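Okay, structure first, notes after.
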Amino acid sequence: MPRAPARAAASPTSPAPRAATSPTAAPKPEKPPKAVAKASSPDGAPPRHHIAAFIQFTTYCSYAILMFFGYVRDFVERLSRKRDPDYAPLVRDWDDFFTRRLYYRVRDCWNRPVNTRAGRVIGVMERVSKDFNYTFEFTGRTIPCINLASYNYLGFSEDVPAVTEQVLANLDQFGVAACASPAECGRSTTLTELETEIARFAGKEAACVYAMGFVTNFSGLPGLFDKETLVISDSLNHASLVAGVRVSDGRVKVFPHNNMRALERIIRQAIIEGQPRTHRAWARLVIVVEGIYSMEGDILDLAPIIALKKKYRCLLYIDEAHSIGAIGATGRGVCDYRGVDPRDVDILMGTFTKSFGSIGGYIACDKRVADHLRTHCGASIHGDSLHSAACQQALSALRIMQGLDGTTIGRQRIAQLADNAKYFREQLIRLGMTVYGEGESPVIPAMLYNPAKVSKFSRELLKRNVAVVVVGYPATPLLEARVRFCVSAAHTRADLDRCLQAIDEAIGEACVRFERKWWFV
Ligand SMILES: Cc1ncc(COP(=O)(O)O)c(C=O)c1O
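For the sequence shown, my numbering gives the first residue as 3, with consecutive numbering after it.
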């Protein structure tokens, strides 16, 4: 790996070019589209989403009311309950309070058990609670829902006969589990084939495949980063990246989401100051980002990052969990989508849980880095291999995506996904929702803000046979609770229109048509 330069030239970052001020020269500023109203930030950061004062006020009020009644109920309960003085509480006070008094009120909206494949339609098992969501009972009924909740981007979690046949044959040959790590006789021929083919698909020399996407980051990053590594991580990176960096020996600095100026500032500072205490130069600076941010629906703007990486000789690690298979004309992810040579990216990580309808994750990189991982990554040595049938599912899907099965089904699905994503996003905006993210991203978050609207919206959609994921604090900032729609190539236009009809009704019930109201300025 190239080493970071010992010291950068110490001149301050050059100021951004100013816009022409002459009224005749300046082009008429374009109004931002209504549904993605943004406020620009003074430090050159990409515009932040603007949240109207009225929404902020009512959302804070909702939390305040929930907390007030929560504390009153706690107080009354404490008067009547004896505490055991010998034991410290096992859970932290605030977490415990938040779970009992806020989350439990709405917890029927999460962890909904399902009894079918995570396909275009999913079976959600109906449950009722007689004790305010402390316990649930199944009614025995299954609610068939159009599935906007799973990451089944290319529809491979459906029963695709050619894939299913190969997976069943593989299951017959290898059984359900490898019962050993890759280093200890757990390496099936299918695993090796998958490693070879995914590396080729990603445009890299080699790849290591692990049993889980989360583990790929959580165990892969400690295998890569030593104490002379400075990791520069986007503030909205996935929990697996955050956890992986934390358990590694590397130091970490976080830059505000997508803010290239802040990223450059941190890189320059790191090069100038070197390591803490000794001030020796960092052995390597590694920028860690995602291809598509799963809570924002943003597609990584790769070109400026590549420019910075080359300018300062940093290394670049991209988590392509949501972008591999899902974007780019050939489904090769963010490099394909942005027209960047994958050789310009040092490490491309991805998962098989989204576009491939399987499980597991991979790190695609140079051969010597892969060889290093095989001997230094905990998951390669101590963790069970990805079982062979799951490898086969990913491998079969990968071959269809590339047309190696002799059909154009893969290409069609990739194009269909882009089409569906654009259509669905446009229609949500037309319905008056505030939508985050970019055109072809299959992750489409739409804002709900208020905690009461989160549960209302989710329940209204379930009543109308649409399964969605809603997300609120602490997974999002307090003010930015949202619903996250995931579209799939398997959805037909009729499915999407049915969902939009249901969403339109749910929007009315939950009052989240923010963009149409004059006071939401
Ligand atoms: C960006 C990102 N990386 C890693 C993961 C973990 O992948 P998996 O769910 O396959 O364990 C996820 C999960 O959604 C993710 O969004």
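Built from N, CA and C at the ideal position, the CB exists for glycine as well.
Please read all numbers here as calculations on a predicted model, not as lab measurements.
Should H384 go down as buried or exposed, given a rule of 16 or more other Cβ atoms within 10 Å for buried? Counting from 1 along the sequence shown, the entry for residue 384 is found at position 382. Flag for H384 reads exposed.
Apart from the five residues on each side of it in sequence, which residues of its chain come closer than 7 Å, Cβ to Cβ, to E298? As a first step, residue 298 is located in the sequence shown; it is residue number 296 there, counting from the start. Cβ within range, chain order: L238, Y438, G439 and P447.
On a CA-only basis, which of P479, C393 and V371 is nearest Y62? Give me that one, please. Along the sequence shown, one-based indexing puts residue 62 at 60. Of the residues P479, C393 and V371, the one whose Cα lies closest to the Cα of Y62 is P479.
From which residue to which residue does the alpha helix (DSSP H) around S457 run? On the sequence shown, residue 457 is found 455 positions in, with the first residue counted as 1. DSSP places S457 inside the alpha helix (DSSP H), whose first and last residues are P453 to K465.
Cut-off 6 Å between Cβ atoms - residues of its own chain near D506, not counting five sequence neighbours on either side: Numbered from its first residue, the sequence shown carries residue 506 at position 504. Closer than 6 Å at Cβ, skipping near neighbours: L433.
For M403 versus G341, is the C-beta distance shorter than 8 Å? Taking the first residue of the sequence shown as position 1, residue 403 is located at position 401. Taking the first residue of the sequence shown as position 1, residue 341 is located at position 339. At a Cβ-Cβ threshold of 8 Å, M403 and G341 do not count as neighbours.
According to DSSP, is Y59 part of a helix, a strand, or is it coil? One-based indexing of the sequence shown puts residue 59 at position 57. Here residue 59 is Phe; the residue named in the question, Tyr, does not match the sequence. It is helical.
What is the DSSP secondary structure of D76, counted as helix, strand or coil? Along the sequence shown, read from residue 1 onward, the residue named residue 76 stands at position 74. In the three-state reduction of the DSSP assignment, D76 falls in the helix class, which pools H, G and I.
Is D321 near ligand 1, in the sense that its beta carbon is under 7 Å from a heavy atom of that ligand? As a working mapping, residue 321 is identified with position 319 in the sequence shown. Of the heavy atoms belonging to ligand 1, at least one sits nearer than 7 Å to the Cβ of D321.
V74: which of A55, A90, R102 and I145 sits nearest, CA to CA? Here residue 74 is taken as the residue at index 72 of the sequence shown, counted from 1. Checked all of A55, A90, R102 and I145; the closest Cα to V74 is R102.
Compare the beta carbon distance of S82 and D386 with 8 Å and say whether it is the shorter of the two. Translated into positions along the sequence shown, residue 82 becomes position 80. Translated into positions along the sequence shown, residue 386 becomes position 384. No, Cβ-Cβ distance for S82 and D386 is not below 8 Å.
Here's the rule I'm using: 16 or more other beta-carbon atoms within 10 Å means buried, otherwise exposed. How should L388 be labelled? Locating residue 388 in the sequence shown gives position 386, counting from the first residue. With 16 or more Cβ atoms within 10 Å of its Cβ, L388 is classed as buried.
Under 6 Å Cβ to Cβ from V217, same chain only, skipping five residues before and after it: list those, please. Residue numbering aside, residue 217 sits at position 215 when the sequence shown is read from its first letter. Correct list, in chain order: A381.
So D110 and N149 are in contact, right, with Cβ under 8 Å, and what is the actual spacing, rounded? Position 108 of the sequence shown, counted from the start, is the residue given in the question as residue 110. Position 147 of the sequence shown, counted from the start, is the residue given in the question as residue 149. For D110 against N149, the beta-carbon gap comes to about 18 Å, at or over 8 Å, which does not count as contact.
Can you tell me whether R143 is buried or exposed, with buried defined as 16 or more other CB within 10 angstroms of its CB? The residue labelled residue 143 in the question sits at position 141 within the sequence shown. Exposed, since its Cβ has fewer than 16 Cβ neighbours within 10 Å.
Nearest neighbour of I294, chosen from F138, H259 and F220 [CA to CA]: On the sequence shown, residue 294 is found 292 positions in, with the first residue counted as 1. Closest by alpha carbon: H259.
Using a threshold of 7 Å, is the CB atom of F358 nearer than that to any non-hydrogen atom of ligand 1? Walking along the sequence shown from the start, residue 358 turns up at place 356. Every heavy atom of ligand 1 is 7 Å or more from the Cβ of F358, so no.
In angstroms, rounded to a whole number, what distance separates the CA positions of I301 and A164? Numbered from its first residue, the sequence shown carries residue 301 at position 299. Numbered from its first residue, the sequence shown carries residue 164 at position 162. Spanning the two alpha carbons is a distance of roughly 32 Å.
Thinking C-beta only, is D368 closer than 8 Å to E207? To locate residue 207, count along the sequence shown from 1; it is residue 205. To locate residue 368, count along the sequence shown from 1; it is residue 366. Contact: yes.
By how many angstroms is the C-alpha of D346 removed from the C-alpha of V126? Numbered from its first residue, the sequence shown carries residue 126 at position 124. Numbered from its first residue, the sequence shown carries residue 346 at position 344. The straight-line gap from Cα to Cα measures roughly 43 Å.
Considering only their Cβ atoms, is the gap separating Y364 from M351 smaller than 8 Å? Mapped onto the sequence shown, residue 351 falls at position 349. Mapped onto the sequence shown, residue 364 falls at position 362. With contacts defined as CB atoms closer than 8 Å, M351 and Y364 qualify as a contacting pair.
Selection from A151, K132, I53 and F56 that minimises the alpha carbon distance to K356: Mapped onto the sequence shown, residue 356 falls at position 354. For K356, the nearest C-alpha among the options comes from A151.
If we require 4 or more residues per run, which alpha helix (DSSP H) segments fall completely within the segment 182 to 232? If only complete runs of 4 or more residues are kept, the segment 182 to 232 shows the alpha helix (DSSP H) at 191 to 204 and 215 to 226, in order along the chain.
Just to check, is the beta-carbon of S296 closer than 7 Å to a non-hydrogen atom of ligand 1? Taking the first residue of the sequence shown as 1, we reach residue 296 at position 294. The answer is yes for S296.
DSSP bridge partner residues for M351 (one or two, in chain order): Numbered from its first residue, the sequence shown carries residue 351 at position 349. When beta bridges are read from the DSSP output, M351 appears opposite D321 and I365.
CA nearest to the CA of T410, picked from A331, R461 and K424: Translated into the one-based positions of the sequence shown, residue 410 becomes position 408. Here the closest residue by C-alpha is A331.
For T144, does the three-state DSSP call read helix, strand or coil? What you label residue 144 is simply residue 142 of the sequence shown in a count that begins at 1. In the three-state scheme derived from DSSP, where H, G and I count as helix and E and B as strand, T144 is classed as strand.
Just to check, is the beta-carbon of S443 closer than 7 Å to a non-hydrogen atom of ligand 1? To locate residue 443, count along the sequence shown from 1; it is residue 441. Placement of the Cβ of S443 at a distance of 7 Å or more from every heavy atom of ligand 1 is found.
Counting pairs of beta carbons, one from the segment 455 to 464 and one from the segment 315 to 331, are three or more of them closer than 8 Å? Output reads no: the segment 315 to 331 does not touch the segment 455 to 464.
Limits of the unbroken alpha helix (DSSP H) element including C393: Mapped onto the sequence shown, residue 393 falls at position 391. Element bounds for C393: S390 to Q404.
Leaving out five residues on either side along the sequence, give the residues of the same chain with a beta carbon under 6 Å from the beta carbon of V489. For the purposes of this step, residue 489 is taken as the residue at position 487 of the sequence shown. Within the same chain, N422, A423, F426 and P444 come within 6 Å of V489 by CB-CB distance, once the 5 residues on both sides are set aside.
Heavy atom of ligand 1 less than 7 Å from the Cβ of H384, yes or no? Working through the sequence shown from its first residue, we reach residue 384 at position 382. Flag unset: Cβ of H384 not near ligand 1.
Three or more C-beta pairs closer than 8 Å, one from the segment 302 to 317 and one from the segment 268 to 287: is that the case here? Yes: the two stretches touch, three or more of their Cβ pairs being nearer than 8 Å.
In the DSSP assignment, the beta strand (DSSP E) including M435 goes from what residue to what residue? For the purposes of this step, residue 435 is taken as the residue at position 433 of the sequence shown. Premise fails: M435 is in no beta strand (DSSP E) and is neither H nor E.
Cβ shell of F257 (< 7 Å), same chain only, five flanking positions each side left out: Translated into the one-based positions of the sequence shown, residue 257 becomes position 255. Counting only residues of its own chain and dropping the five nearest sequence neighbours on each side, F257 has a CB closer than 7 Å to the CB of I234, D236, S237, A264, L265 and I268.
Pair within 8 Å by beta-carbon distance, M262 and L310: Start at 1 with the first residue of the sequence shown, and residue 262 comes out as number 260. Start at 1 with the first residue of the sequence shown, and residue 310 comes out as number 308. Yes. Within cutoff.
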